[in-house]
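Colleague: When you line the sequence shown up against mature numbering (1 follows the signal peptide of the UniProt record, and there is no 0), it's residues -23 to -1, 1 to 225, in that order.
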Amino acid sequence: MHISIQKILALVVITMLTRAVIAADEPVELFAIDYPPYTIVNDQAEISGIDVDVVIAAFNSVGVDVKFSTAPWKRIRKNLEHGYIAGYTSCAKRPARMAYILFSDRVSEANQVALMATNTDTRKLNNLTDLKHYKVTAIEGWAIQKELETKAIKHVTTPDMDSGIRAVLFRDIDVFYIGELTALYRAQQLGLKEKLKTKRFADKQRAEFYLCLSKEYPGNPELLKQFNTGLQRIKASGEFDAIYDKYL
């Protein structure tokens, strides 16, 4: 049986249109992994977090229902490439991702900072290399700890977040080099946030996070426009800031 190329293309178009119509009647499914406080996946696979709440609120403001699921990152990435899923929050811009991802306006940011007790003298602390004037710790094996090694900045390692936070309060450590919101969120959970402060480095750029939609998924260009509109609305209304206040 011979099927013309035109018929095959027509079937493909019909399939995509049908998929889009069906999807329009259901919540848009987005994916996330556990990266507190931006995205939080608990033991029951319930998903929350700053970026999750921002995305839901932005879409709600333009009448779009969304739901979140989780999966291993490698599977999410492959599904984004092939258009099997609508999107993921939140990811950073990388050259390799530009070919298959539509990036929203900025949703959040991450800054690597010096976390310290509130009474620590920071007058000598402006750039990352100024850490040489302080007793520093970082989580063993993390990328930011490797960064200190690469730049020959003397430090000791700590096994986890909780130990690093407690080290600057209860041990002979001046600075915990760590992600700002991640550390403040955990410090709040420990009831120690009010005893701590952070300082950003003048020579360290922030990492920006975005809602990432697959270029291959039907309807995503319009979905991106809707999200960006909604994001502007919740920033103007104060809902965006209220979400941050809830977690920090």
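For glycine and all other residues, C-beta sits at the position ideal for the given N, C-alpha and C.
Check whether the Cβ of D82 lies closer than 8 Å to any Cβ atom in chain D.
Modeller: The question asks about chain D, but that chain is absent: this structure has only one protein chain.
Colleague: Between which two residues does the beta strand (DSSP E) holding I78 run?
Modeller: Segment 78 to 87, the beta strand (DSSP E) holding I78.
Colleague: With DSSP run on the structure shown, which of helix, strand or coil describes S38?
Modeller: Looking at S38 - three-state DSSP - the assignment turns out to be coil, as it is neither helix nor strand.
Colleague: Kindly list the residues whose CB is nearer than 7 Å to the CB of N205, restricted to its own chain and excluding five residues on each side of it in sequence; keep chain order.
Modeller: S81, D82.
Colleague: For H132, is the classification buried or exposed, using 16 other Cβ atoms within 10 angstroms of its Cβ as the cut-off for buried?
Modeller: Its Cβ being crowded by 16 or more others within 10 Å, H132 is buried.
Colleague: Identify whether A73 lies in helix, strand or coil by the three-state DSSP scheme.
Modeller: DSSP places A73 in helix when its eight states are reduced to three.
Colleague: In terms of DSSP beta bridges, what is K176 paired with?
Modeller: K176 pairs with A91.
Colleague: Where P49 and A120 are concerned, what is the direct C-alpha to C-alpha distance, given to the nearest angstrom?
Modeller: Cα to Cα, P49 sits roughly 20 Å from A120.
Colleague: Identify, in the order they occur along the chain, each residue of the same chain with its Cβ nearer than 8 Å to the Cβ of V31, setting aside the five sequence neighbours on each side.
Modeller: Taken in chain order, the residues that qualify are V84, S85, L208, I211, F217, I220.
Colleague: Any idea which residues DSSP pairs G64 with across the strands?
Modeller: Bridge partners of G64: L7, L190.
Colleague: Helix, strand or coil for T134? Go by DSSP, reduced to three states.
Modeller: In this structure, T134 counts as strand in the three-state DSSP scheme.
Colleague: Assign R71 to one of two classes, buried (16 or more other C-beta atoms within 10 Å of its C-beta) or exposed (fewer than that).
Modeller: It is exposed - the Cβ of R71 has fewer than 16 other Cβ atoms within 10 Å.
Colleague: Below 8 Å, can you find three or more Cβ-Cβ pairs linking the region 1 to 20 to the region 39 to 49?
Modeller: Contact between the region 1 to 20 and the region 39 to 49 is present, because at least three Cβ pairs lie under 8 Å.
Colleague: Taking 8 Å as the cut-off, decide whether the C-beta atoms of N197 and A94 are in contact.
Modeller: In this structure, A94 does not lie closer than 8 Å to N197 by Cβ.
Colleague: Among residues of its own chain, excluding the 5 on either side of D53, which ones have a beta-carbon nearer than 8 Å to its beta-carbon?
Modeller: Checking the displayed sequence, the identity of residue 53 turns out to be Ile instead of Asp. Closer than 8 Å at Cβ, skipping near neighbours: F8, I10, I62, Y65.
Colleague: On the DSSP bridge list, what partners appear for E185?
Modeller: Bridge partners of E185: E86.
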